[in-house]
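Protein chains: 4
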Amino acid sequence: MGRTTQRQDLKEERRREILEAALHVFAKRGFDKATVDEVAERAGISKGAIYLYYKNKDALFFSLFEQKMDEAREPITEAMRSATSLPDLVRRVVTAQLEFLQSNQEFFRIFSSEQARFDLDFQSDFRRLLRRRFNAYISELGKAIGRFVGPGEKTLSRDLALSLIGMMNTHTTDWIINHRSEPLTAKIDLIVSLFLHGVETFAAEDRALSA
Amino acid sequence: MGRTTQRQDLKEERRREILEAALHVFAKRGFDKATVDEVAERAGISKGAIYLYYKNKDALFFSLFEQKMDEAREPITEAMRSATSLPDLVRRVVTAQLEFLQSNQEFFRIFSSEQARFDLDFQSDFRRLLRRRFNAYISELGKAIGRFVGPGEKTLSRDLALSLIGMMNTHTTDWIINHRSEPLTAKIDLIVSLFLHGVETFAAEDRALSA
Amino acid sequence: MGRTTQRQDLKEERRREILEAALHVFAKRGFDKATVDEVAERAGISKGAIYLYYKNKDALFFSLFEQKMDEAREPITEAMRSATSLPDLVRRVVTAQLEFLQSNQEFFRIFSSEQARFDLDFQSDFRRLLRRRFNAYISELGKAIGRFVGPGEKTLSRDLALSLIGMMNTHTTDWIINHRSEPLTAKIDLIVSLFLHGVETFAAEDRALSA
Amino acid sequence: MGRTTQRQDLKEERRREILEAALHVFAKRGFDKATVDEVAERAGISKGAIYLYYKNKDALFFSLFEQKMDEAREPITEAMRSATSLPDLVRRVVTAQLEFLQSNQEFFRIFSSEQARFDLDFQSDFRRLLRRRFNAYISELGKAIGRFVGPGEKTLSRDLALSLIGMMNTHTTDWIINHRSEPLTAKIDLIVSLFLHGVETFAAEDRALSA
DNA sequence: AATGAATGAGGATTCATTCAT
DNA sequence: TATGAATGAATCCTCATTCAT
Numbered sequence: 034m035g036r037t038t039q040r041q042d043l044k045e046e047r048r049r050e051i052l053e054a055a056l057h058v059f060a061k062r063g064f065d066k067a068t069v070d071e072v073a074e075r076a077g078i079s080k081g082a083i084y085l086y087y088k089n090k091d092a093l094f095f096s097l098f099e100q101k102m103d104e105a106r107e108p109i110t111e112a113m114r115s116a117t118s119l120p121d122l123v124r125r126v127v128t129a130q131l132e133f134l135q136s137n138q139e140f141f142r143i144f145s146s147e148q149a150r151f152d153l154d155f156q157s158d159f160r161r162l163l164r165r166r167f168n169a170y171i172s173e174l175g176k177a178i179g180r181f182v183g184p185g186e187k188t189l190s191r192d193l194a195l196s197l198i199g200m201m202n203t204h205t206t207d208w209i210i211n212h213r214s215e216p217l218t219a220k221i222d223l224i225v226s227l228f229l230h231g232v233e234t235f236a237a238e239d240r241a242l243s244a
Numbered sequence: 034m035g036r037t038t039q040r041q042d043l044k045e046e047r048r049r050e051i052l053e054a055a056l057h058v059f060a061k062r063g064f065d066k067a068t069v070d071e072v073a074e075r076a077g078i079s080k081g082a083i084y085l086y087y088k089n090k091d092a093l094f095f096s097l098f099e100q101k102m103d104e105a106r107e108p109i110t111e112a113m114r115s116a117t118s119l120p121d122l123v124r125r126v127v128t129a130q131l132e133f134l135q136s137n138q139e140f141f142r143i144f145s146s147e148q149a150r151f152d153l154d155f156q157s158d159f160r161r162l163l164r165r166r167f168n169a170y171i172s173e174l175g176k177a178i179g180r181f182v183g184p185g186e187k188t189l190s191r192d193l194a195l196s197l198i199g200m201m202n203t204h205t206t207d208w209i210i211n212h213r214s215e216p217l218t219a220k221i222d223l224i225v226s227l228f229l230h231g232v233e234t235f236a237a238e239d240r241a242l243s244a
Numbered sequence: 034m035g036r037t038t039q040r041q042d043l044k045e046e047r048r049r050e051i052l053e054a055a056l057h058v059f060a061k062r063g064f065d066k067a068t069v070d071e072v073a074e075r076a077g078i079s080k081g082a083i084y085l086y087y088k089n090k091d092a093l094f095f096s097l098f099e100q101k102m103d104e105a106r107e108p109i110t111e112a113m114r115s116a117t118s119l120p121d122l123v124r125r126v127v128t129a130q131l132e133f134l135q136s137n138q139e140f141f142r143i144f145s146s147e148q149a150r151f152d153l154d155f156q157s158d159f160r161r162l163l164r165r166r167f168n169a170y171i172s173e174l175g176k177a178i179g180r181f182v183g184p185g186e187k188t189l190s191r192d193l194a195l196s197l198i199g200m201m202n203t204h205t206t207d208w209i210i211n212h213r214s215e216p217l218t219a220k221i222d223l224i225v226s227l228f229l230h231g232v233e234t235f236a237a238e239d240r241a242l243s244a
Numbered sequence: 034m035g036r037t038t039q040r041q042d043l044k045e046e047r048r049r050e051i052l053e054a055a056l057h058v059f060a061k062r063g064f065d066k067a068t069v070d071e072v073a074e075r076a077g078i079s080k081g082a083i084y085l086y087y088k089n090k091d092a093l094f095f096s097l098f099e100q101k102m103d104e105a106r107e108p109i110t111e112a113m114r115s116a117t118s119l120p121d122l123v124r125r126v127v128t129a130q131l132e133f134l135q136s137n138q139e140f141f142r143i144f145s146s147e148q149a150r151f152d153l154d155f156q157s158d159f160r161r162l163l164r165r166r167f168n169a170y171i172s173e174l175g176k177a178i179g180r181f182v183g184p185g186e187k188t189l190s191r192d193l194a195l196s197l198i199g200m201m202n203t204h205t206t207d208w209i210i211n212h213r214s215e216p217l218t219a220k221i222d223l224i225v226s227l228f229l230h231g232v233e234t235f236a237a238e239d240r241a242l243s244a
């Protein structure tokens, strides 16, 4: 391995460390309250060093966001690709996403607190990009659902995707803020069933049980 | 009406005006980027006057939150109380909540961006309170659902409540950040049906249609 | 005098004080080395207060520049207006300018150190404005000279103006950096004579003297 | 040539390269805004290497100044030495200086922006030295003029030297900041004539022309 | 000799909060 | 009550200089 490559690796490693530190700090404080100083301290380097790796606080934040969204997308995309039926699709996607969120609750905190402001300006076009990404994800899931629900039902498919994602998100929020001890993935069945058959499933079961 | 009461009323009126201004500014900028100056300007009073009515920026924010959550609760609680069946309950609650959010998207932005940090400290106990409120709302809806779904299914009912709320939230987010022109309430039917019968409803309809 | 007017006056007074402080600090340190802190300290106010009166350091500098150039222009313009002959014009202008510089050597330091960079960008268009002002002054003096030297000789007149100003500037520089005890205005005769009749005047006088 | 000498030469060569780079950067940005990084980049070496050749940024700046002043002095001194009459002296000096400035406008920018602060402290004694140099140049030219104007007229000669230099400087400034396309040396005749015979020369010519 | 990563002091700017009027 | 000028702590970012390699 050449010297240049080694150096490159070290640089990559350092970027990762900073991102890791940034993840915690941004999750704990939110973008605005987070200070570069705290990120540096957590990364065990000096404040100035941050700027050797990231142009500024925005860039650091954006980089973090991108990396995590990429990380999340892979298994979810894979889930969509390999699905053979609607139930199969839904189960795979919910599993993939909840598993990701379970091990990335800090990212979820960040994402969640930015989400409702994706249409507001944030240093020119940072948020625009996030919104695009968000919409792309919804569309992708919408299309996947559409394949089973009906070919021309674009709006409906999208709405269903939104709904499914919404359920997952609120359960994640609940799991995080109430420090649930059971794994987030324990909610997979519930969400899948509800999405597929509605509350009736549970009501039916219940009736059967109490009968 | 005594002089004191009149004064009291004036004070209340002023507090309302400030809250109104704060709502817009906090929604547009987020808590941290919002400045007391901008709130004052929007309220048409001086910066110093804000401090006559609210101890500090945090208190102002908190007060805003409380007021809006109260405002939201009323019609939703009413919906729960008067519901005669599960479908009826769901439709009433979804309608009430989406109607509220439709005319309070700014509050939703704020709420949404704080939500995922309700368990973290925020100037002593502000967030603790928000979390309590949030949980109270979920529980309330959970209980209402439980009345129809099954008496002892506490966890299930809560989970269903979470799910329903999640769907509404994501649709609201989508409606806000993508500046949808149709009213948010246009999603009522979709959400209600999905929650009650699951995706099958739509698939069935679709099949019928294409048959 | 109304309260508003009084406040306005106080504000004007404060602006003047800041400008006065800035003049000294910028002259001593140059634009870049000067700190807002030092200006504030010298003005006897807090750092933050500077920003109540000037948008930023650039604006403060620019304001200082403008004010001083306006101050300088008045008597010089008047000199040009009232001149009846070339010798009269030259004497009046040189007198006016040297008198101004004599009591504004700090401004001269600032001006002088910026002058040769008027074509370089400085926060977009600050320097552009300075250059325009500088050229306007040269043109004005050029036109005044042109009235006596020859009507169509635009370039020549401008060049003569440049030359005259150059002489004054170097004498001012010399007077400042070598801390001459005699007044700067002691050089009026020399400059006027040299400009009007060239070095011959002195050579002639000298010959006569030594004869 | 010994190994040591070779090494010495290499070192000298490297110092020259750095100085060359520094010249551009300092001229473009000014001393304070210029960064060692940019100098290094332009010199094609690493930032750290700069410090192998120059103690610090100040030393680099000083060295640059010295070198350029030496460079300028040579032809001007030669011009003074070989002059046979006042007109000859003036023409030679003006030609030499304008030629130098024409190919060293960047140095002029730097010099010009420091000039008016030669009497102020700058990292102990840097400016003291510059002032000495400046005065030495004036004196030298003053003496040369004195040889033709009159032996005992020290002050007068110095003042004439200052005047002549002043004219050249302003024309150079004008040429630089207004990006004149004609060469700076095109102003030689004007300056020489004006210095020798005063504005009358031009007025006379003009009158003759219009007669 | 040379590199360039790392440091940390320093500076511009913002803004919650106070307080004299 | 109301104002808005003033404060100064806090924060982002830059960059000269050092130093391990």
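Chains as they are written, first to last, in my numbering: chain S, 34 to 244; chain P, 34 to 244; chain Y, 34 to 244; chain L, 34 to 244. Built from N, CA and C at the ideal position, the CB exists for glycine as well.
Residue range 90-115 is occupied by the alpha helix (DSSP H) that includes residue 95(L). In the structure shown, residue 152(L) falls within a coil segment according to DSSP collapsed to helix, strand and coil. Ranked by how close their Cα comes to the Cα of residue 154(S), the residues 141(S), 121(S), 91(S), 175(S) have 91(S) in first place. For residue 51(L), not one C-beta of chain Y is nearer than 8 Å to its own C-beta. By the rule that beta-carbons nearer than 8 Å mark a contact, residue 151(S) touches chain P.
At least one CB atom of chain S sits nearer than 8 Å to the CB of residue 63(P). Chain order gives the chain P residues near residue 231(S) as 226, 227, 228, 229, 230, 231, 232, 233, 234, where near means a beta carbon separation below 9 Å.
Contact annotation for residue 192(S) against chain P: 204, 220, 223 [CB-CB distance below 8 Å, chain order]. Collapsing the DSSP output to three states places residue 198(S) in a helix. Contact of residue 175(P) with chain S by beta-carbon distance below 9 Å is absent, the smallest such distance being about 11 Å. A Cβ-Cβ contact shorter than 8 Å links residue 127(L) with residue 225(L). Straight-line spacing of the CA atoms in residue 190(P) and residue 84(P) works out to 43 Å. Taking C-beta separations shorter than 7 Å and ignoring five residues to either side along the sequence, the partners of residue 151(P) in its chain run 160, 163, 164, 167, following chain order. The residue from 105(L), 131(L), 141(L) with its alpha-carbon nearest to that of residue 197(L) is 131(L). For residue 72(L), not one C-beta of chain Y is nearer than 8 Å to its own C-beta. Between the stretch 103-121 of chain Y and the stretch 66-77 of chain Y, the count of Cβ pairs shorter than 8 Å is below three; the stretches do not touch. A Cβ-Cβ distance of about 20 Å is found for the pair residue 140(L) and residue 195(L), leaving them out of contact under the 8 Å criterion. Per the C-alpha coordinates, the member of 38(P), 148(P), 235(P), 223(P) positioned closest to residue 63(P) is 148(P).
Non-local C-beta neighbours of residue 204(P) in its own chain, meaning closer than 6 Å and more than five positions away in sequence, comprise 220, ordered along the chain. In the assembly as shown, residue 38(P) is an exposed residue. Its beta-carbon has fewer than 16 other beta-carbons within 10 Å. Contact of residue 89(L) with chain Y is not assigned, every C-beta pair being separated by 8 Å or more. Among the residues of chain Y, those whose CB is under 7 Å from the CB of residue 200(L) are 196, 199, 200, following chain order. Below the 7 Å Cβ cutoff, chain P contributes no neighbours of residue 69(S), its closest Cβ being approximately 15 Å away. Look at residue 49(P) here: in three-state DSSP terms it is helix.
Here residue 43(S) is exposed, its C-beta having fewer than 16 other C-beta atoms within 10 Å. What residue 172(L) touches in chain Y, judged by beta-carbon distance under 7 Å, is nothing: the nearest beta carbon there is about 11 Å away. Residues of the same chain with a CB within less than 7 Å of the CB of residue 134(P), apart from the 5 flanking positions on each side, are 141, 205, 217 in chain order. At least 8 Å separates the CB of residue 44(P) from every CB of chain S. Counted as a single uninterrupted DSSP element, the alpha helix (DSSP H) harbouring residue 73(P) occupies residues 69-76.
Between the C-alpha atoms of residue 125(Y) and residue 105(Y) there is a straight-line separation of about 13 Å. Nearest Cα to residue 180(S) within the set 235(S), 212(S), 171(S), 118(S): 118(S).
Rounded to whole angstroms, the gap between the alpha carbons of residue 82(P) and residue 213(P) is 38 Å. Listed in chain order, the non-local C-beta contacts of residue 121(Y) below 6 Å within the same chain number zero, local neighbours out to five positions each way being set aside. For residue 207(S), the nearest beta carbon of chain P is closer than 8 Å to its own beta carbon.
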